[in-house]
Amino acid sequence: MSPSPQTAYYREQEHGLRTPELNSIYSEILRRNPGEPEFHQAVLEVLESLAPVLDARPELLDARVIERVCEPERQIMFRVPWQDDSGQVHVNRGFRIEFNSALGPYKGGLRFHPSVNLGVVKFLGFEQIFKNALTGMSIGGGKGGSDFDPKGRSDAEVMRFCQSFMTELSRYLGEHTDVPAGDIGVGGREIGFLFGQYRRITNRWEAGVLTGKGLGWGGSQARTEATGYGNVLFTAEMLQARGEDMEGQQVVVSGSGNVAIYSIEKAQKLGANVVTCSDSGGYVMDEKGIDVALLKEIKEVGRGRVSDYAERRGASARYVTTGQVWDVPCDVALPSATQNELDLDAAQILVRNGVKAVSEGANMPTTPSAVRLLQEAGVVFGPGKAANAGGVATSALEMQQNAGRESWSFARTEERLGQTMRDIHETCRETAERHGVPGDYVAGANIAGFERVTDAMLAQGVI
Ligand code: GLU
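Note that my numbering has the sequence shown beginning at 121, numbered continuously upward.
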């Protein structure tokens, strides 16, 4: 396999960062943040892109701006006790990492999943800084969540958990301070319970304190669809830069949550054939294309599994419990489930099957070695920071509507989302080209996001 020109630049750093300064910054981060592999991975990926910036602007090292951006402004961890329906008491752990507020209030979702720990929330918060900077909007970076597992819990249990979680978290929030939203395990139902408890505790109807709200009480049109739609629009832009479009492409999607569902819907609207979705139990291969109305009914209404989809869909769908969706031949792959779900082996299979584009709907779903392999094979690769920024960008539009006590139409909001994705694509494309790595959207996103946030930090003094 011959390396494409955009990755040749990075080959020399495969066993370390390109400059001794970056290497020692990274060693210090490893030393000070032990046992947080996902955070280390997210930091390393950004540092790997920064050598050309430091070549051009060595003064950034003196200002210690890299060390500053890698250190959260504030880290909050708290106890979340709650009672299940049988009266049994449970204790979970709550997190909110208020990572960077140079560009606006901390902004980022809450994840409720048993895999959540400090390192996971820090990786997500770190990614969010650059993602939010890329949107060009006034939003800083933050992330939170809990190791609470909502699977199999009743509505009443989820409500009690959310109320206990918000009872503590409310001290740190505010429309000008910190504005959470959803992520894995946190959707419209949870945002409702969290908003209710915040309102009750603070005695304020402060719509802009949470995004992803219901449409009848301050939510924005198109927020539900935004992350998945945005990723498909970003993919379409990347394909267009190569003279192609989504029409007729065979697409595989992983996951079956909010991001996956609306990626499938948008890809189909653009004429693609989407043949898979998945959950932790297995995946569905549907030759006729995923019936998105049926998938929504099963996942959004019934909180069911993709195995239920296969059962109800009939002959065209197969439920597979061995292997992964990446085994299915495709032109476009949209990992939309969770971190590190697409590894080197999977990337090799995708390349062997002739994949043209991979774009991250989830946060950091592709392992570093898989990204490298895909890029070296000439596959166009959209990093999550850029490709899935449509969700948080539409959250910023929700905040804007809340501040103006306005409610925009679906068409107007979707138009703004589309423009934002085109702008992010152009920013990444142009930045990569300017730094001598044309077509490398990873470098483009990291450099553009880094420069916007650190320029703001530098202008604001030693903060
Ligand atoms: N959790 C989403 C993300 O990863 C959305 C965050 C938000 O809307 O604040 O970007």
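Idealized CB from N, CA, C, for every residue including glycine.
Does DSSP put residue i in a helix, in a strand, or in coil?
{"i": "CYS282", "result": "helix"}
{"i": "GLY332", "result": "coil"}
{"i": "ASP463", "result": "coil"}
{"i": "LEU454", "result": "strand"}
{"i": "ALA301", "result": "strand"}
{"i": "GLY239", "result": "helix"}
{"i": "ALA437", "result": "strand"}
{"i": "SER586", "result": "Residue 586 falls outside the range modelled here, since the chain spans only 121 to 583, and no answer is possible."}
{"i": "GLY528", "result": "The sequence as given places Trp at residue 528; Gly does not occur at that position. Looking at TRP528 - three-state DSSP - the assignment turns out to be coil, as it is neither helix nor strand."}
{"i": "HIS555", "result": "coil"}
{"i": "LEU230", "result": "strand"}
{"i": "GLN341", "result": "coil"}
{"i": "VAL371", "result": "strand"}
{"i": "GLY307", "result": "coil"}
{"i": "ASN220", "result": "strand"}
{"i": "ILE196", "result": "strand"}
{"i": "LYS389", "result": "helix"}
{"i": "THR486", "result": "strand"}
{"i": "ASN473", "result": "coil"}
{"i": "GLY262", "result": "strand"}
{"i": "ASP575", "result": "helix"}
{"i": "ASN212", "result": "strand"}
{"i": "CYS397", "result": "strand"}
{"i": "PHE268", "result": "coil"}
{"i": "VAL596", "result": "Residue 596 is absent from the structure shown; the chain starts at 121 and stops at 583."}
Just how far apart, CA to CA, sit residue i and residue j?
{"i": "ASP269", "j": "GLU417", "result": "22 Å"}
{"i": "ALA563", "j": "TYR226", "result": "24 Å"}
{"i": "GLY511", "j": "GLY339", "result": "13 Å"}
{"i": "SER221", "j": "PHE250", "result": "12 Å"}
{"i": "MET366", "j": "VAL404", "result": "21 Å"}
{"i": "VAL597", "j": "LEU464", "result": "Outside the shown range of the chain, which is 121 to 583, sits residue 597, and nothing can be said about it."}
{"i": "GLU535", "j": "ASN252", "result": "19 Å"}
{"i": "THR127", "j": "ALA477", "result": "Residue confidence for THR127 is low, a pLDDT of 43 falling below 50, so the modelled location carries little weight and cannot support an answer."}
{"i": "CYS282", "j": "ALA507", "result": "30 Å"}
{"i": "GLY556", "j": "LEU164", "result": "20 Å"}
{"i": "SER124", "j": "VAL475", "result": "Below a pLDDT of 50, predicted positions are generally treated as unreliable, and SER124, at 48, falls in that range; no measurement from the model is reported."}
{"i": "ALA497", "j": "TYR349", "result": "27 Å"}
{"i": "ALA171", "j": "PRO140", "result": "10 Å"}
{"i": "LEU335", "j": "SER529", "result": "11 Å"}
{"i": "ARG532", "j": "HIS296", "result": "25 Å"}
{"i": "GLN341", "j": "ASN522", "result": "12 Å"}
{"i": "ASN351", "j": "ARG280", "result": "34 Å"}
{"i": "LEU353", "j": "MET541", "result": "7 Å"}
{"i": "VAL236", "j": "ASP267", "result": "5 Å"}
{"i": "PHE159", "j": "ASN153", "result": "8 Å"}
{"i": "ALA435", "j": "GLU385", "result": "21 Å"}
{"i": "ILE196", "j": "PHE285", "result": "12 Å"}
Does residue i come within less than 7 Å of chain C when only Cβ atoms are used?
{"i": "VAL440", "result": "Absent here is chain C; the protein component of the structure consists of one chain."}
Any heavy atom of ligand 1 closer than 6 Å to the beta-carbon of residue i?
{"i": "VAL512", "result": "yes"}
{"i": "LYS227", "result": "yes"}
{"i": "SER284", "result": "no"}
{"i": "ALA507", "result": "no"}
{"i": "ASP303", "result": "yes"}
{"i": "SER515", "result": "yes"}
Beta-carbon within less than 7 Å of residue i's beta-carbon, same chain only, minus the 5 sequence neighbours each way: which residues are those?
{"i": "ALA162", "result": "PHE243, PHE246, GLU247 and MET484"}
{"i": "VAL241", "result": "PHE215, ILE217, LYS263, GLY264 and GLY265"}
{"i": "GLY229", "result": "LYS263, PRO300, ALA301, GLY302, ASP303 and VAL306"}
{"i": "SER489", "result": "LEU464"}
{"i": "ALA183", "result": "LEU578"}
{"i": "CYS548", "result": "ALA506, TYR561, GLY564, ALA565 and ALA568"}
{"i": "GLU480", "result": "PRO455, THR486, GLY502, PRO503, GLY504, ALA507 and ASN508"}
Count the other CB atoms, across all protein chains shown, that sit within 10 Å of the CB of residue i; report buried if there are 16 or more and exposed otherwise.
{"i": "THR442", "result": "exposed"}
{"i": "GLN580", "result": "exposed"}
{"i": "GLN360", "result": "exposed"}
{"i": "GLY422", "result": "exposed"}
{"i": "GLN114", "result": "Since the first and last residues shown for the chain are 121 and 583, residue 114 lies out of range."}
{"i": "GLU134", "result": "Below a pLDDT of 50, predicted positions are generally treated as unreliable, and GLU134, at 37, falls in that range; the measurement from the model is reported next regardless. It is exposed - the Cβ of GLU134 has fewer than 16 other Cβ atoms within 10 Å."}
{"i": "TRP337", "result": "exposed"}
{"i": "ASP275", "result": "exposed"}
{"i": "ALA413", "result": "exposed"}
{"i": "MET358", "result": "buried"}
{"i": "VAL209", "result": "exposed"}
Among the residues of its own chain, which have a CB less than 6 Å from the CB of residue i, if the five just before and after it don't count?
{"i": "ALA380", "result": "VAL373, CYS397 and SER456"}
{"i": "THR487", "result": "ASN460 and ASP463"}
{"i": "LYS419", "result": "SER376"}
{"i": "ASN566", "result": "VAL166 and SER169"}
{"i": "ASN473", "result": "PRO449"}
{"i": "TYR224", "result": "In the sequence on display, residue 224 carries Gly and not Tyr. These residues qualify, in order along the chain: SER258, ILE259 and GLY260."}
Considering only residues of the same chain and omitting the five flanking positions on each side of residue i, which have a CB-CB separation below 8 Å?
{"i": "CYS190", "result": "ILE145, ILE149, VAL163 and PHE246"}
{"i": "ALA356", "result": "ASP365, MET366 and LEU390"}
{"i": "ALA576", "result": "ALA222 and LEU223"}
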